[in-house]
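Everything on this sheet refers to the single structure shown next.
Numbering (the working numbering), first residue to last: -11 to 60.
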């Protein structure tokens, strides 16, 4: 189950699984793409990475089985 990335796709936004060539979904807005990707990561227990227009990661959200309390 790959982590999901929200990435710029021309003038639109795309949801793409890590390591996948194929785009999962293309949306008009970054917010819509993040909503779709968040649903996928919550269902799969994986991480969500949201990129900016420059391609750099702006934020991430983990929906995995993180230890609680966190180690460290």
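Ideal Cβ placement from N, Cα and C applies to all residues, glycine included.
In chain order, 35, 36, 37 and 38 place their CB closer than 8 Å to the CB of residue 48, counting only its own chain and leaving out the 5 sequence neighbours on each side.
Nearest in C-alpha terms to residue 41, of all of 6, 10, -9 and -5, is -5. Less than 8 Å separates the beta-carbon of residue -10 from that of residue 6. The Cβ atoms of residue 14 and residue 23 do not sit closer than 8 Å to each other. In the three-state reduction of the DSSP assignment, residue 15 falls in the strand class. Here the alpha carbons of residue -2 and residue 28 stand approximately 23 Å from one another.
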